[in-house]
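Working notes, structure below.
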Amino acid sequence: MLAHPTLPGPRRHRGGPASGGVREMRRCAWALAALLAASPLAAVAQTCRGDAARPVPVTGVAGSLQNPCLSPDGTALAFTNFKRRYNQGGAIVWTVPAAGGAPARALSPRVGAQSVNLPGQCWSAAGNAVVYSSDVVDRDEIYIVPAAAGAAKRLTDRPGFLAWEPSISPMLADRSQWIVFESHREADPDGAGELWKMKVDGSGLARLTQGADDRQPQWSPRGDRIAFQRQVKPGQWDVMTIDAAGRGLLNVTRAPSRGNTGPSWSPSGAWIVYSAGGPDLDNANLFVISATGGAPVRLTVNCGYDGAPGWSADGRTIAFESAPYDPDTRGSTTLWTIAAPAGMR
């Protein structure tokens with residue numbers, strides 16, 4: 001993974017404040033003293049949150065916990081751990097029981113590489129494998145690894161190109177599964193992103209978008225559409241969807257925000273959760289919107305940052321990363337869950 005860019009929608013999905021840029025919390029300065037005097041999770045819950053979100057207890061892993069991704073049966077949670085701080089240092093993909101408590105288990109190699117999963121749809125339909133990107137060999141490529149035990153398999157090998165942010169489709173009618181991912185030229189890793197897809201065995205590679213800056217793709221529950229974020233103006237991002245062939249572009253979000261990023265589908269396919277900043281928010285929070293567009297509904301109430309959301313398969317829970325500040329400026333994020341709104345599942 002490359003250095004975190006100043007624009008939202010970071011590479012290989014490190015998460016990232018969707019408000020864009022580096023801004024201090026102005027309305028939460030009063031909370032920082034309490035944060036320094038108390039445990040981080042307790043301080044966040046008591047002084048910074050105004051919702052019913054709950055932290056996920058993760059043991060045996062130090063550093064920044066990011067990109068939560070719930071398994072299809074809801075029993076396991078995959079996530080990325082940056083060892084140094086938010087989006088910095090080596091990174092490993094781990095899995096832990098969704099209820100937390102038990103020690104986390106590493107899925108990607110525990111070496112000096114940066115291995116990163118995308119929140120949302122990172123598990124195979126059977127729940128027996130996880131997809132992620134890694135630069136463990138030379139450049140960023142897509143890998144799939146058994147969730148129980150076993151060696152990861154490299155799926156992409158395209159000299160001159162980088163592959164990040166993989167999302168895996170549900171099982172389709174023809175019994176196939178596809179992976180959609182973001183790709184860049186290796187010579188210009190901070191340039192515009194393109195969306196590509198391939199089958200889970202690495203065959204059938206096809207480009208879906210070009211000419212814009214598209215990132216963080218997510219398959220819909222039926223596998224017929226893909227949600228992603230597109231940079232529509234410098235520093236401004238909107239959530240879009242296309243069909244599985246790259247056609248039928250729909251601009252879902254049109255809110256006055258510097259960043260509508262990190263979309264994830266509800267299991268019904270009717271709703272999308274995403275992270276967004278705005279004129280009245282110092283840091284990004286989570287919002288839910290109809291997959292066809294409309295007025296967004298605010299989900300989290302946090303004077304800090306909430307991002308990288310992923311919906312559970314039963315529709316009841318949304319997992320996300322959170323910090324009581326802008327994590328791009330200092331510190332790390334932890335993993336949280338919140339109940340999905342009734343009627344929006």
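First residue of the sequence shown: 1, per the UniProt record's numbering; consecutive thereafter. Don't be surprised by glycine CBs; every beta carbon is placed ideally from N, CA and C. Quantities reported herein were computed from a predicted structural model and do not represent experimental measurements.
The C-alpha of threonine 337 is placed about 33 Å away from the C-alpha of glycine 248. By the criterion of at least three beta-carbon pairs nearer than 8 Å, the region 145-153 is not in contact with the region 285-294. Distance check between glycine 343 and each of Glu194, Thr317 and Asp326 places Thr317 closest, using alpha-carbon atoms only. With a 10 Å radius around the Cβ and a threshold of 16 neighbouring Cβ atoms, glycine 63 comes out buried. Of the other Cβ atoms in all chains shown, 16 or more fall within 10 Å of the Cβ of methionine 240; this residue is therefore buried. In the structure shown, cysteine 69 adopts extended strand secondary structure according to DSSP, grouped into three states. Counted as a single uninterrupted DSSP element, the beta strand (DSSP E) harbouring glutamate 165 occupies residues 161-168. Comparing alpha carbon positions, the residue from Gly277, Glu182 and Leu118 closest to tryptophan 196 is Glu182.
About 4 Å separates the Cβ atoms of tyrosine 86 and proline 327, confirming a contact at the 8 Å cut-off.
Ranked by how close their Cα comes to the Cα of phenylalanine 287, the residues Gly277, Arg298 and Leu281 have Arg298 in first place.
Within the DSSP bridge table, the entry for aspartate 238 names Arg230 as partners.
Of all alpha-carbon atoms in Ser264, Pro279 and Ser312, the one lying nearest the alpha-carbon of isoleucine 289 is that of Ser264. For leucine 208 and glycine 246, the gap between their C-alpha atoms comes out near 5 Å. In this chain, the beta strand (DSSP E) harbouring glutamate 141 covers 141-146. Valine 131 places its beta carbon less than 8 Å from that of isoleucine 168. For methionine 198, the enclosing beta strand (DSSP E) stretches over residues 194-199.
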